[in-house]
Amino acid sequence: MAKRVRDSADIQSDIDEVTKRVDDVEAQVEQTEAAVEQATQDRNFARAKLREIAKKLKRLNLCEQERSALVADQQSCVADLTAAENVVERLSKDKEQLREEKLQLREKELQLRAEKLQLREEKQQGASAAGPGVGSAPGAGPTLDALWSSIMARLRAVRELPVGSGVLTFKSGLPVDPTYSSVYIRACYGPLFEELITSNYKNMIITGTPGIGKSCFVYYLVGMLVSLPEPPPYILLEHLTLDDEMLCYDHALGQVLSGTRKDFKAQRNHPKALYISYGIAPNMSSRARIILITLPRRATYKEMEKSGARILYMPLWSLEELLDCHAKVYASKVPEGLAERLYEHYGGVARYVLGVPSLAKLTAAADLDSLLQPLLQPLIKALDASSPAQVQAGLGGLEMGPEASHSLLHIVTKGNFELSHLYFASPFVGNAIVARALKGGLNGLATMMVGTHGAIRGYLFEQGGAFRVVPISSDKTLSRAGPETDLELPSCTSLSFKDTQDIWADGDFHENVYFMPVQANFPVDSVLLVGKTLYLFLMTVADSKTVSATALPSIFTQLGVEKLENVDLCLYYVVPPDILNDFQLRADASWPPGNQQLLAARTRLFLLKGDAEAARLLPQQQAGVNRQKPAATVAAARPVAMMVAPVAKRAAAPSSGRVRRVGGQLLAFWR
């Protein structure tokens, strides 16, 4: 008797059996996890009891009977602890075996579904050979994508995706980049996903500095989508590496099909479908919700932006996050010291700090400098290819600078993945650009400062250092109250602010942040809180400045200073060195402050001398102990002083008019 050929019903029956077995295994996993949790509690209880007994045994006044009883309890507790640890170990192995079995069952389910699809395709081909029938279409149509289907099976098999700083591994490698097989789950991925699914915007754009993990986010995004209580019926994916190919994950089938946009027109127009496009302008006629993940290239996202899509910006990596990823993914491929050195040059970009060096043939015995230099060549070439004018254009906007500027200028985010500003990739990059601008003289630096909306100012100031200051008396005379002393400021970050909310993020006045007002008419040029001291800086190139006891409280009110407790208030008038000796502060009719102007009365006044020799690095900066930012260099310290009160060095007898003109040029960038 001939063996009956398997049909779709037979295959579906096998699929149902596998699915039922998967459900059973999932139930066993849950039971095992509960047992592991209970055994862990028993183990922790036994450990705590042992510690308590050990403390009691250290008492000197114990009688022999009490000591014997405690020793007996200790032995019993050790036995309980050993038993609990054995149970935890056994159950943990059982849980891993069950999860492996579940994964194998999912793979078998995938094979069965592939068999079912192949059978359906064979029937369609047979019908096509007999002649075109109703509903037939020219072309091969969608086909099964086995690799992506296995990826989806892997994601479905994971009960819960790893949280921030976890790792997701794919044995077959990543489909769009098989060189890598692991995805590090960044801490920002979870909040970014929440922002996507809870937003009132139908379409979303995700962008950011190239190389910070946008492509890896695709796997996390898809994995989270299929784990939702109600997953999208279809997840469509386009990727710039797939040419004209479109992938469609059919949740009901549990398979990924490969075809063209035309092949999946019906799925793209399903209102509950999700359409992910990576690096390609999506088809905006689709009814599905669209998420575009792309480089900061407006040509790709301009149509979506015009249609009202919201743009989200992925943040840069911190050094701590990079080192955590290094320990979990790259420890055997990249020396930790090399990763730190690369961070000092490339900034928070994982591609160049970890990814690229992991593919290089590094010699284990080589010193870090010899390993570093070849890896810095892309950055050196980007610097060589970008003029100060191009960098200035890049700082002016995402689309203004050349493509190479993405390595030099990074996108800094704030709040809920919003754009804050563009900034130098690292002090190394900032120093190189400032040095190049200085080759054109102070006028070259001034021009650059004027056009960068405070970016240069923030970079230069955040290096920190020791500045020469002169104390001023608070009486009516406003005379000098002592000799020059040092004002020591730590290195800090810089941010622009529009209103008080930007300064008081999360309810706290952020410390060690150099805040620069966006409004040109704000009464001071910058604000910095360090410990219990609030510094206000006001730059001037005039011969004198009027001090008002009524104006100061208004400034403090705008900054929300009344919410700060027990802080010293200091106002620094930043003055060019050539006029410092003759510079005068003049009191208006409201000075000195009265009982109604308590904040003004608490404010100490200073003159700050700003020239190229006025600032020097603090010892801790020279030692490079600041792990958050690489230590500032002497080359970086000099522009600091020039920023504070820029002035040309004196020739034989320079006129104060020339100094004033140079200072006036640079004053524009403060304002």
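Each number in my numbering corresponds to the 1-based position in the sequence shown with 3 added.
Think of the CB as a built atom: it goes at the ideal place given N, C-alpha and C, for glycine as much as any other residue.
What you are looking at is a predicted structure, and each value in this text was computed from that prediction instead of being measured.
Straight-line measurement puts the Cα of C219 at about 24 Å from the Cα of E306. Contact annotation: A51 and L94 have beta-carbon atoms that are not nearer than 8 Å. When secondary structure is reduced to three states using DSSP, V570 falls in the coil class, being assigned neither helix nor strand. For S218, the enclosing alpha helix (DSSP H) stretches over residues K217 to V229. Counted as a single uninterrupted DSSP element, the alpha helix (DSSP H) harbouring Q15 occupies residues S11 to L60. Take S547, set aside five residues on each side of it, and the residues of its chain with a beta-carbon closer than 8 Å to its own are F586, Q587, L588 and R589, in chain order. Residue state for E491 is assigned as strand, using DSSP reduced to three classes. Classified as exposed, I200 has fewer than 16 neighbouring CB atoms from the shown chains inside 10 Å of its CB. The beta carbon of P213 sits closer than 6 Å to the beta carbons of L298 and H409 from its chain, once the five residues preceding and following it are set aside; these are given in chain order. The residue from F512, S494 and T496 with its alpha-carbon nearest to that of D502 is F512. The beta-carbon separation of M317 and K217, rounded to 6 Å, stays under the 8 Å limit for a contact. With contact defined as three or more Cβ pairs closer than 8 Å, the segment 51 to 62 and the segment 70 to 87 are in contact. Taking 8 Å as the cut-off, the Cβ atoms of L231 and L239 do not count as close.
Distance from W594 to S551 at the Cβ level is roughly 7 Å; contact confirmed, criterion being Cβ atoms closer than 8 Å. A direct Cα-Cα distance of roughly 9 Å separates T303 from P285. Boundaries of the beta strand (DSSP E) around M519: V516 to P520. The beta carbons of T182 and L375 sit no closer together than 8 Å. With a cut-off of 8 Å on Cβ pairs, the segment 378 to 393 is not in contact with the segment 308 to 322, counting fewer than three such pairs.
For S361, the enclosing alpha helix (DSSP H) covers residues V359 to L362.
Contact check for G211 against R189 fails: the beta carbons are separated by 8 Å or more. F559 is not a Cβ neighbour of I475, given a cutoff of 8 Å.
Sixteen is the threshold: since fewer than 16 other Cβ atoms of the shown chains lie within 10 Å of the Cβ of P274, the residue is exposed.
When C-alpha distances from V179 are compared across E248, Y237, L228 and M207, the shortest belongs to E248.
Classified as exposed, E67 has fewer than 16 neighbouring CB atoms from the shown chains inside 10 Å of its CB.
Residue nearest to D581 within the set N47, L611 and Y575 is L611 (criterion: CA-CA distance). Under the 10 Å beta carbon count, N64 is surrounded by fewer than 16 other beta carbons and is classified as exposed. DSSP places F586 in the coil class of the three-state scheme, outside both helix and strand. The straight-line gap separating the alpha-carbon atoms of Q600 and F431 is approximately 45 Å.
Judged by their CB atoms, I414 and I314 are not nearer to each other than the 8 Å cut-off. A distance below 8 Å between beta-carbons, with the five flanking residues on each side excluded, links V91 to the following residues of its chain, in chain order: V39, A42, T43 and R46.
Looking at the DSSP output, C251 bridges to L239 and L260.
Scanning its chain for C-beta atoms nearer than 6 Å, with the 5 sequence neighbours on each side dropped, one finds around V259 the residues D148, W151, S152, M155, L250 and Y252, in chain order. DSSP, read as helix, strand or coil, puts H424 in strand.
Beta bridge pairing from DSSP links I200 with no other residue. By the neighbour-count criterion, in which a residue is buried when 16 or more other Cβ atoms sit within 10 angstroms of its Cβ, L224 is buried.
Under DSSP, V473 forms a beta bridge with L610.
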